[in-house]
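Under our numbering, the first residue of the sequence shown is numbered -8, with each subsequent residue one higher. Even for Gly, the Cβ is constructed at its ideal location relative to N, Cα and C.
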Amino acid sequence: MAEEKRSPLKKYDKTENVKTYHVGRSIAEIIKREKVLPASIDFDIRKVNTYIKEPGSKEFDALNEYHLKHLYNEDYLLAENLQITQEYVVKFKPIKKDPDFAPIVSIATDTFKTIAKATIKKESVFTRSENLKKRLEEFFNKVKARNNILVGIIDKDMMDGINKLANKINGDGKLEEDFPLWLARWKKPVMPVDDKLIMRYKEKNKKEIKETDKVDYAERDFMIGANTGEVLIEYYKAKKGKVGRGFNGKFIPVDEPKIDHIPSFTADSASVEVKEDDDKKIYIAKNKGFVNMDRGVLRVDKEMKLKNINLKDTGHVKPGIESQVKIIVETGNAAEDAVGPDMIIEATEIEIQGSVGAGAILRSKKISIKGQTHSTTKLYANELHINVLKGTAYVNEGTIKSFENAKAYGCLLKIEKLFGGHAFGKRVEIAEVRAPSEVRAATSIKLEKITSGDSRFYIDQAAVLSAKKEIEDCKQKIKDGNKYLSEGTQELIKVSKYIKDNQNSFQQLKSSIRQAKAKKETPKPAFVKMFKEYLAKMKRLDEINQKLEQSEVDIETSQKILKNFDDLMTRTYIHNEGLKWLGHNEVKFIYHGKVYTAERSIDSLPAVEIVAVKEKREEGLVVAIGMIDDFPNVDIETEPHFTFGCEPLELPWEDAQKEKMKTEEREEQAKQQASHQKKEEQEEQEEQKGSSKDKEEAPQNTKQENSDKQEKETKPTTDKQ
C-alpha cells in the first residue's frame, strides 16, 4: 500500500494557545490528526502552572513559596498522598531550521523516571551571543515538557550544566566533544532487600552441571569438610526499601521485603562461632572437621560413625585428608562389605571394621582395616594397618597380617604372611614367605621364615621410585658440568683477552662520551655502540665466572650424592634369620641398572644365618654370600636416614602441594633475576648520568698507567665501572 500522503501543519493563529497536562500526548494527537511527521512540529511554552495537593487536602493549590520551601524537605516530598502536576500553555507551530542554533540531543532516563540526562552531540551548531544561555534554557525546558519532566522546579542541575555548556562552545559555535547535561535528578527509591540464607559449606564442592552431563549420584556431599575460620552459613537480614518521587512528580511506592529464611537452627558454641551485626549473621567453624547439621544444631565434628558406605546410603565420603576427621565404619552385616564398590573415602583417619569392596579408593594419613580388600581396591596412607591385603597399597609405613597376591609400595613394609604378590620399599620385613613372591627393597630385606621356594628377593635402589631419577640427574649434571668447564674456560680466555686488549680504548671512549654530554651534545653513535659492546663483554665475563663456579658446585654435589648411593649400597643386605632356604629363591643386587647375583646357588647353603652382601673387590663389584659373622653389624632402627625420595613416600595428594612449592620457587628465581637485571640497568644509568660531570678529554694513545690515573681523578662517586 502506498504511503499515506501527509499534509503540512496548519498555521495556528498567534493568539491560539493550547492548555495541556502532557505536551508529548498533545503532539501525538496533532501528528495523527494533521498527518505530519513528528520532526516537523515545534512549540513555544507560554506559561507553566504547577499545582500541588497536600495530604488531607481535597483540592489542588497553585504552587507558592511555602510549597517551594518544603519540596526540599524529604519527609514532605516523599509523603504518599502528596500530588504534584503541571499544566502547560503552549503554542504549536511548524518547525523552522535555524543555522545559528541547531542542537543535536539524545535523552536517557532510569527505570524509575527519577533521573534524566541529556547528551549534546559535538555535531551540534551554536552561535555565541548574549542570549545563548537563555536560548539553551528555553530549548531544554521544551525538551523537559515534551518528555513529561517537571519544568521550573528541579532545575538547579540543568542550569549549572547550561552555564558550563555555554563556556564549552567555541567561537565557531562547535563543541570539541559530546557534552553531558543533567535535566533532572529527584528522589530515586531504594528497593527492599529480601532476607537470604546461603549454605556456604554445601556450595563449595558443587560443580557446574550441563544438560548433557551424566549425573553422578555418588557425588552428593554426604560429608563436607570444614577448615578453622571457614564461613559455613551466611544469613542476610531483610532490609526495608525507601519510597521515591519521579521527575514527573509521581510518587514511587516500594513493597515490603519478604522474610522467609530466618535460621531455624542453633549453633554448637564449642565448634561454631556466630557473628552478628545489623546486616547479617554468619556462622564460622572454630576448628577443622566436618559440618554436621543434626536435629537442628549446627556443629563441626571430628569423628563420624557409619554402618556402611555405599552408593545407596551415602555416596562418596570426602571431608579431606587434612580435615582432622576420623571415619569409623561399623558394619553390622558380615555378609556385605563395609565399604561398597567404587566408593571413595578421604579423611585424616579411616577405621574400617569390615571389608572393602571392588574398585574402592581410600586416602588417609592413617588407615586401619580389620577385614580384607578386593583385588581392585587402592589404599593411600602414611600409616596402614590391615588384616588381609589383596589390592594395591601406597604407604609410608604398612603393617600387613596377610599379603595375598597384592601390591604394596612403601618406605617400611612389615608383612606377617606373604602369599604371593609384589612388595616394594626402602625396607621390607617378612615373618613368613608362604608362596612365590617378588620383594624389592632399597636397603634391606629381613626374612624370618621361608616355607616356599621360587621367590625373588632384590636389593634395588630403584624400588624407591625417585632414587633412579636422582641417580640419572646426578650423572647428567656431572656430564653437563664437565662439558661447560671445558667450553666455558675457552670462552673465558677469549673474553678476558678482548677486555685487556681494549681497555685503553674503552677509557678514551668513556671520556669522549662524558665530554659530549657535558656540552649537551649527542655522543657519536659509533662511540656509544663500541662503549656498550665493551660493557656487554664485561657483563659476559661475570656471567661466565658465575656459571663456571656453579658448574663446579653441581659436579661436587652430584658426586657426593652418587657416593652416598655407593656407600648405601655397601650396607644393603638380605637377611634370613637362621632358617633354611627352601626351594629355589633368586637373590639379586641391582646397582646403577646392573644386576649382580650370588657366586653360588643360595639353596645349596646350610640352614644357618645367611646374609647376601655386596663387596668391593679390586676386580670389580660383586655379590658374596657369607655367614652372618662376616657381615658388619647393622641396626635397622638406627640406620642412616635415606634421603633419596622415600622419607616420606610421595603420596598422590601431595602432588599439588609439591607443584605449588615448585611454582613459588620458580617465581622467586624470576623475581631475583629481574631484580638483578634492574640493578644493572640502574648502574648503567648512573654511569651515563655521572659521565656528564667530567669535562676533561683523555689524550689519545696514552699509556695504561696514565689512563688509570685519569680515571681515578675524574671518576664520579656514582660511577660503577
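Is it true that the stretch 63 to 78 meets the stretch 91 to 99, where meeting means three or more beta-carbon pairs spaced less than 8 Å apart?
no
Quick check on L223: does DSSP put it in helix, strand or coil?
Note: L223 maps to strand in three-state DSSP.
Pick from S31, L483 and N473 that is closest to I535, judged by C-alpha positions
L483
Outcome for H566 when other beta-carbon atoms lying within 10 angstroms are tallied against a minimum of 16
Around the beta carbon of H566, 16 or more other beta carbons lie within 10 angstroms, which makes this residue buried.
Alpha-carbon spacing of L54 relative to K193, whole angstroms:
L54 and K193: Cα-Cα distance of roughly 59 Å.
Coil, strand or helix - P90 by DSSP:
coil
With DSSP as the reference, please indicate the residues paired to K369 in a beta bridge.
Beta-bridge analysis with DSSP links K369 to I352 and T383.
Do I144 and T41 have their beta-carbon atoms positioned less than 8 Å apart in this structure?
yes
Under 8 Å, do H307 and I335 count as touching if we go by C-beta distance?
yes
Please state if the CB of W177 and the CB of K108 are separated by a distance shorter than 8 Å.
Against a cut-off of 8 Å, the Cβ pair of W177 and K108 comes out as no contact.
Exposure label - Q77; buried when at least 16 CB within 10 Å:
buried
Quick check on the burial criterion: 16 or more other C-beta atoms within 10 angstroms. Buried or exposed for I250?
Answer is exposed; the Cβ neighbour count stays below 16.
Decide yes or no for the touch test of the stretch 381 to 393 against the stretch 406 to 418: beta carbon pairs closer than 8 Å, at least 3 of them.
yes
Tell me whether the stretch 178 to 188 and the stretch 243 to 260 touch, counting them as touching only if at least three CB pairs, one residue from each stretch, are closer than 8 Å.
yes
What do you get for I546, buried or exposed, if any count of 16 or more other CB atoms within 10 angstroms of its CB means buried?
The residue is buried, with at least 16 neighbouring Cβ atoms inside 10 Å.
Endpoints, the beta strand (DSSP E) within which K84 is located:
Q74 to P85
Please classify Q660: is it buried, with 16 or more other beta-carbons within 10 angstroms of its beta-carbon, or exposed?
Taking all protein chains in view, the Cβ of Q660 is surrounded by fewer than 16 other Cβ atoms within 10 Å, so the residue is classified as exposed.
Is D185 helix, strand or coil when you go by DSSP?
coil
Bridge-paired residues (DSSP) for V288:
T257 and D285
Beta-carbon proximity of K88 to D35, cut-off 8 Å:
no
Anticipated Cβ contact below 8 Å, L370 with G362, distance rounded:
The pair is not a contact, with the Cβ atoms about 13 Å apart (cut-off 8 Å).
Cβ of T339 within 8 Å of Cβ of K317?
Yes, the Cβ-Cβ distance between T339 and K317 is below 8 Å.
From this set, R447, K491, K468 and D285, which residue's C-alpha is nearest V424's C-alpha?
R447
Looking at N576 and the ligand GTP, is the gap between the Cβ and the nearest heavy atom below 7 Å?
Questions concerning the ligand GTP fall outside what the structure shown contains, since it holds no ligand whatsoever.
Grouping DSSP H, G and I as helix and E and B as strand, with all else coil, what is A99?
strand
Which whole-angstrom value describes the C-beta separation of T720 and G164, a residue pair presumed to lie in contact below a C-beta threshold of 8 Å?
The question about residue 720 has no answer, for the chain in this structure spans -8 to 712.
Where does D471 fall in DSSP's three states?
helix
Among the residues of its own chain, which have a CB less than 7 Å from the CB of D492, if the five just before and after it don't count?
none
Judging by CA-CA distance, which residue of H376, K125, Q663 and R137 is the nearest neighbour of F238?
R137
Whose C-beta lies closer than 7 Å to the C-beta of L156 among residues of the same chain, with five residues either side of it excluded?
I111, L127, F170 and L172
Considering only their Cβ atoms, is the gap separating A372 from V386 smaller than 8 Å?
A contact, by the Cβ cut-off of 8 Å.
Go through its chain and collect everything with a Cβ distance to I224's Cβ below 8 Å, but skip five positions before and after it.
L188, I189, M190, R191, Y192, P254, I273, Y274 and L289
Since I215 contacts V282 with CB under 8 Å, what's their CB separation in whole angstroms?
Their Cβ separation, rounded to whole angstroms, is 5 Å, which keeps I215 and V282 in contact under 8 Å.
Between the Cα of G15 and the Cα atoms of E7, I32, E25 and K26, which residue gives the shortest distance?
I32
DSSP state of L553, grouped into three classes?
helix
Label A30 either buried or exposed according to how many other C-beta atoms from any shown protein chain fall within 10 Å of its C-beta, with 16 as the threshold for buried.
exposed
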